[in-house]
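**Q** Counted the way the numbering used here counts, the sequence shown spans residues 165 to 377. Positions of the beta carbon are idealized from the N, C-alpha and C atoms, including for glycine. Computed from a prediction, not measured in an experiment: that's the story for all the values here.
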Amino acid sequence: MEIVVIPVTPFAQNCSLIWDASTMKGAFVDPGGETEKLIATASKHNVEIEKVILTHGHLDHVGGTVAIAAHYEVPVIGPHVGDKFWLDALMQQSQMFGFPPAQPFTPQTWLNGNDTITLGSLTLEVLHCPGHTPGHVALVERSSNKVIVGDIIFAGSIGRTDFPQGNHQQLIDSITQKIMVLPGDMTIYPGHGPTTTVAKEKASNPYVSGRFG
Ligand SMILES: [Zn+2]
Ligand SMILES: [Zn+2]
165 MEIVVIPVTP FAQNCSLIWD ASTMKGAFVD PGGETEKLIA TASKHNVEIE
215 KVILTHGHLD HVGGTVAIAA HYEVPVIGPH VGDKFWLDAL MQQSQMFGFP
265 PAQPFTPQTW LNGNDTITLG SLTLEVLHCP GHTPGHVALV ERSSNKVIVG
315 DIIFAGSIGR TDFPQGNHQQ LIDSITQKIM VLPGDMTIYP GHGPTTTVAK
365 EKASNPYVSG RFG
C-alpha cells in the first residue's frame, strides 16, 4: 500500500491518500477539509479514487467527505455506527470549532471489527478501537506493514477521552489489545503528528508502557 499523508484543516489533521501500486486504485482516509489540495494530490500521483474511508466522526477527519465523495462519485465507508451521533452533529461541530459549516451525512457502509475493505489487490483489515470515540476504527494493511490509527494513538501520546462517550479505560484497552499486538516494525500513521512504529510506542509511550499507571 502506497501512502501520502496530507495535513489539512487548522488542526493539522493527517488525511491519508492510499493506493495499490499494481492497479492505481486508491482512497482517501479522513478527508477533513482542503479538498482541492486533496484532489490535486491524487491527480499528481495518478490515483483513481474509488472510496472515502473514515476512522471516526470528528469534524477535522470528516469535514471534506461530502465534497470528495461527490467529486469522485464514490461511496463513504466507515466509521463504526457508534459514531453516528458525531456525524449527525456535524453542524454543531463546525460551529464549536469555527470551521466552515459541514452538512451531516450517512456513510454507505458502517464498519465492524474484523471487516475487510478491498482496494485493488490490497486488503485492509478493520479493528474496532473505541475510547476516543465509541465508533473509532483502525485500518491494517499487512503486505506493506502499515496501520492507520486516526486519534487512537500518537507518537508519544494517545487520543483525548474527554468528549461525549469518550472512555479512557476503553481507549487503553483498545490500544493494548488491538494496536500493541501488531508486529513491532509495523508503521503507525496517526491522525495528527509524525508516524511511529508499534515497537517505539511500546518502549516509550507513557500511556502504553504503564509508567503513568
Ligand atoms: Zn478525533
Ligand atoms: Zn483528530
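1) Using a Cβ-Cβ cut-off of 7 Å (strictly less than) and excluding sequence neighbours within five positions of Gly221, which residues of its own chain qualify?
2) Rounded to whole angstroms, what's the CA-CA distance from Ser207 to Leu254? Just pull it up for me.
3) I'd like to confirm something about Phe261: is its beta-carbon nearer than 7 Å to some heavy atom of ligand 2, or not?
4) Would you call the stretch 312-323 and the stretch 335-345 in contact, with 3 or more CB pairs under 8 Å?
5) Tell me whether Asp184 counts as near ligand 1, meaning its Cβ is closer than 7 Å to at least one heavy atom of that ligand.
6) If contacts are defined as beta-carbon pairs under 8 Å, then His356 and Phe192 qualify, I think. What distance do you get, rounded to the angstrom?
7) Tell me whether Phe192 sits in a helix, a strand or coil according to DSSP, three-state version.
8) Measuring alpha carbon to alpha carbon, tell me which residue in Val211, Asn276 and Ala185 is nearest Leu218.
9) Whole angstroms are fine: how far does the CA of Ile213 sit from the CA of Gly377?
10) Can Gln177 and His225 be called in contact, C-beta distance under 8 Å?
11) Counting C-beta neighbours from all protein chains within 10 Å, is the total for Asn210 16 or more, i.e. buried, or is it exposed?
12) Which term fits Asn278, buried or exposed, when burial requires 16 or more other beta carbons within 10 angstroms of its beta carbon?
13) Say the cut is 7 Å; is the CB of Asp194 nearer than that to a heavy atom of ligand 1?
**A** In this structure, then:
1) Excluding sequence neighbours, Gly221 sits near Pro243, Asp247, Trp250, Leu251, Thr297 and Gly299.
2) Inter-residue distance for Ser207 and Leu254 is about 28 Å (C-alpha atoms, whole angstroms).
3) False, no ligand heavy atom lies under 7 Å from that Cβ.
4) With contact defined as three or more Cβ pairs closer than 8 Å, the stretch 312-323 and the stretch 335-345 are in contact.
5) At a threshold of 7 Å, Asp184 does not count as near ligand 1, since its beta carbon sits no closer than that to any of the ligand's heavy atoms.
6) Between Phe192 and His356 the Cβ distance is about 17 Å, and since that is not below 8 Å, they are no contact.
7) In the three-state reduction of the DSSP assignment, Phe192 falls in the strand class, which pools E and B.
8) Comparing Cα-Cα distances from Leu218 to each of Val211, Asn276 and Ala185, the minimum goes to Asn276.
9) Caution is warranted here: a pLDDT of 47 is assigned to Gly377, below 50, making its placement in the model unreliable, and the coordinate value is therefore given only provisionally. Approximately 43 Å between the Cα atoms of the pair.
10) His225 is positioned such that its CB atom lies closer than 8 Å to that of Gln177.
11) Exposed.
12) That one is exposed.
13) No, Cβ of Asp194 sits at least 7 Å from all heavy atoms of ligand 1.
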